[in-house]
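Scroll down for the structure; my scribbles are underneath it.
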Amino acid sequence: EKLGSVYPELKQTWTEKQTDNALVRFVLHGLGAHRIETTIENDTRYFVVRTNALSPLPVRRGFARYGGDAFFDMNWNPVKIVDNGLNTVDFVSMESHAVTTCPGDAQWGHAKFRFRSSLSVLVTLVDHLYAIHLQAGNLFLIAMREQLSPDHPMRRFLTPFTFNTVWVNDNARKNLIQPNSMAPRCFAFSDKGLQLAYANAPRLVMSGMEVPPSEGGPFLNRSKYYEYLKNKKGIDTEYTRQADRLYKIFNKFVLDYMDCYYLTAADVAADKELQAMFVQFLHQTEFAVGNKLHDLSAIKDPNIIKEFYADAMASFMWVVSAGHEQTGNIAPYVQDTSFCAFKWAPGALVGSKDTALLQALLMSFTSMPMPMLMGSDWTYLFPPVLPSAGEEIAAGSCISPARRMNKDPSAVFKVFQDDLQAMSTY
Numbered sequence: 054e055k056l057g058s059v060y061p062e063l064k065q066t067w068t069e070k071q072t073d074n075a076l077v078r079f080v081l082h083g084l085g086a087h088r089i090e091t092t093i094e095n096d097t098r099y100f101v102v103r104t105n106a107l108s109p110l111p112v113r114r115g116f117a118r119y120g121g122d123a124f125f126d127m128n129w130n131p132v133k134i135v136d137n138g139l140n141t142v143d144f145v146s147m148e149s150h151a152v153t154t155c156p157g158d159a160q161w162g163h164a165k166f167r168f169r170s171s172l173s174v175l176v177t178l179v180d181h182l183y184a185i186h187l188q189a190g191n192l193f194l195i196a197m198r199e200q201l202s203p204d205h206p207m208r209r210f211l212t213p214f215t216f217n218t219v220w221v222n223d224n225a226r227k228n229l230i231q232p233n234s235m236a237p238r239c240f241a242f243s244d245k246g247l248q249l250a251y252a253n254a255p256r257l258v259m260s261g262m263e264v265p266p267s268e269g270g271p272f273l274n275r276s277k278y279y280e281y282l283k284n285k286k287g288i289d290t291e292y293t294r295q296a297d298r299l300y301k302i303f304n305k306f307v308l309d310y311m312d313c314y315y316l317t318a319a320d321v322a323a324d325k326e327l328q329a330m331f332v333q334f335l336h337q338t339e340f341a342v343g344n345k346l347h348d349l350s351a352i353k354d355p356n357i358i359k360e361f362y363a364d365a366m367a368s369f370m371w372v373v374s375a376g377h378e379q380t381g382n383i384a385p386y387v388q389d390t391s392f393c394a395f396k397w398a399p400g401a402l403v404g405s406k407d408t409a410l411l412q413a414l415l416m417s418f419t420s421m422p423m424p425m426l427m428g429s430d431w432t433y434l435f436p437p438v439l440p441s442a443g444e445e446i447a448a449g450s451c452i453s454p455a456r457r458m459n460k461d462p463s464a465v466f467k468v469f470q471d472d473l474q475a476m477s478t479y
């Protein structure tokens, strides 16, 4: 109420927040939907969303440590929360023991609050600020601007997905990342704790890049990642199905657009500017993408190169749109500090008024409007496919001679819009 219309519009309604049903919704259809894992304990299979990776990180005096791994059975009934942030030490054996709380226990409400709040911090710091802004958005845009000429068709194509990235990330650096700025004041971490959180962030991101080669990974193609989650991990949720569908729309859009400017996969592979862009991005990113993709010059099959470019661009488009919505639009959760608090006192079931105000300010600061994917027409950005009268295309140009033929990018864009419209009525 103090911020009025500055606070972002809430797109979710939570009539109940403290119940077990609310916990399931929070994980399955809410903030935890992209972090669901499966595990087996004592021959029993569980769904689990983990935040205990934050529990060893030091916090400032007067605040509780983070933590809590929430376990659910295969029918999505809450089973237990195992919290390393509440661990006790046996001073005889010097062993540390996590605290396990189950439904019906006296501290079950407290365990759920700690888990929800810890997840809101993990998603905000790791998935949103680090993975999307500092890695995907920042490094992809830098590589694109430094390596692709202003009229390169793929730079024009990606422009709507890099809208305001420089301005947003510059503000993030000044106001969210630097010590004593807005975000460090929101969280309970000490300066050392925050440094350790950033240092461990690459190992906490769940995007397909973390899947080891022994299990078929890592996955740059998000559709293959969702197939892996379904077939190998038993994770088939409404979130993964819709995410998969949107990624396929993006991937098709990229490939169809590329066919407007490149006659063959060999033409794509011969584009020195595009190659330089991805070489730079792969060199700078902290995400593992598999040894065979680190050296593009070692790949001889142009079809593999074209597929890699399309997968990378479609993944980027997905991350900065749907991925950003999932991890960045958390205003419905942190509006109420009894639902999710970025920091709280030990034993408390709600964050303080100061915490509530800081969370509201952070939501207002980071919820700038972005171009709409559906209903916007950005075909004016696309370079002409046909050369103008008297124009010659220089040999070795980044724009293939395939410009003289093939598809109409405006028609490709219309199909993209139709696909989005069909998904919106799903």
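In terms of the numbering used here, the sequence shown opens at residue 54 and continues consecutively. Heads up, the beta-carbon is just placed ideally off N, CA and C, and yes, glycines get one too.
Quick check on residue i: does DSSP put it in helix, strand or coil?
i	result
R457	The predicted model places R457 with a pLDDT of 46, which falls under 50 and marks its position as unreliable; any figure quoted below should be read in that light. Looking at R457 - three-state DSSP - the assignment turns out to be helix.
A475	helix
I195	helix
F216	coil
F242	strand
Y433	helix
I89	coil
P424	coil
I134	strand
L249	helix
N128	coil
E263	coil
L402	coil
N233	coil
L63	coil
L201	coil
E326	helix
L335	helix
L84	coil
F144	Note that F144 scores 45 on pLDDT, short of 50, meaning its location in the model is unreliable; the coordinates nonetheless yield the value given after this. It is coil, neither helix nor strand.
Just to check my reading of the structure: residue i and residue j have Cβ atoms closer than 8 Å, yes? What is that Cβ distance to the nearest angstrom?
i	j	result
N95	G121	With a Cβ gap of about 20 Å, N95 and G121 do not count as contacting.
Q474	M427	6 Å
R113	A252	Their Cβ separation, rounded to whole angstroms, is 18 Å, which puts R113 and A252 out of contact at 8 Å.
Q160	T154	5 Å
M259	H87	7 Å
R167	G190	At roughly 31 Å, the Cβ-Cβ gap does not stay under 8 Å, so R167 and G190 are not in contact.
A397	A117	According to the sequence provided, residue 397 is Trp. The question's Ala does not apply to it. That pair is a contact at about 6 Å.
T293	Y279	5 Å
I89	T290	7 Å
F124	V101	5 Å
R98	M127	6 Å
V373	S173	21 Å between Cβ atoms; not a contact.
G381	H82	Actually they do not touch by this definition, with Cβ atoms about 17 Å apart.
F469	I302	7 Å
H186	A225	5 Å
V176	L84	6 Å
Y60	S417	6 Å
Within a Cβ cutoff of 7 Å, which residues of the same chain sit near residue i, ignoring the five residues on either side of it in sequence?
i	result
A329	Q200
E339	Q188, P255
D389	K70
R298	M476
F334	L192, F193, A196
G246	L110, P111, V112
P462	Y310, C313, T432, F435, V438
Could you spell out the range, first to last residue, of the alpha helix (DSSP H) harbouring residue i?
i	result
F125	First-last for F125: 122 to 125, but that is the beta strand (DSSP E), not the alpha helix (DSSP H).
P111	Run containing P111: none; DSSP gives neither H nor E here.
P206	206 to 211
F418	406 to 418
N74	73 to 81
In chain order, what residues of the same chain lie with their CB nearer than 8 Å to the CB of residue i, ignoring the 5 residues before and after it?
i	result
Y281	G261, V264, E268, G269, G270, F272
A250	L107, L110, L178, V179, F242
K64	N382, P385
L349	Q328, F331, V332, L335, I358, F361
Ends of the beta strand (DSSP E) at residue i?
i	result
R98	97 to 102
Report all residues from its chain with a CB closer than 6 Å to the CB of residue i; omit the five preceding and five following residues, and keep chain order.
i	result
M366	V307
S441	Here the model assigns S441 a pLDDT of 47, short of 50, so the residue's position is not dependable, and the following value carries that caveat. For S441, where only same-chain residues beyond five positions count, there are no Cβ hits under 6 Å.
F391	Per the sequence shown, residue 391 should be read as Ser rather than Phe. Counting only Cβ-Cβ distances below 6 Å, and skipping sequence neighbours, we find V403.
V321	Y315, K359
N274	D364
Next on the checklist: Report the start-end ranges of each beta strand (DSSP E) in the stretch 361 to 388 that is 3 residues or longer and not cut off at the edges.
Outcome noted: none
Next on the checklist: My parser needs the alpha helix (DSSP H) runs of 4 or more residues fully inside the stretch 268 to 324; what are they?
Outcome noted: 275 to 286, 291 to 314, 318 to 322
Checklist entry - Which whole runs of the beta strand (DSSP E) in the stretch 150 to 195 are 3 residues long or more, in chain order? => result none
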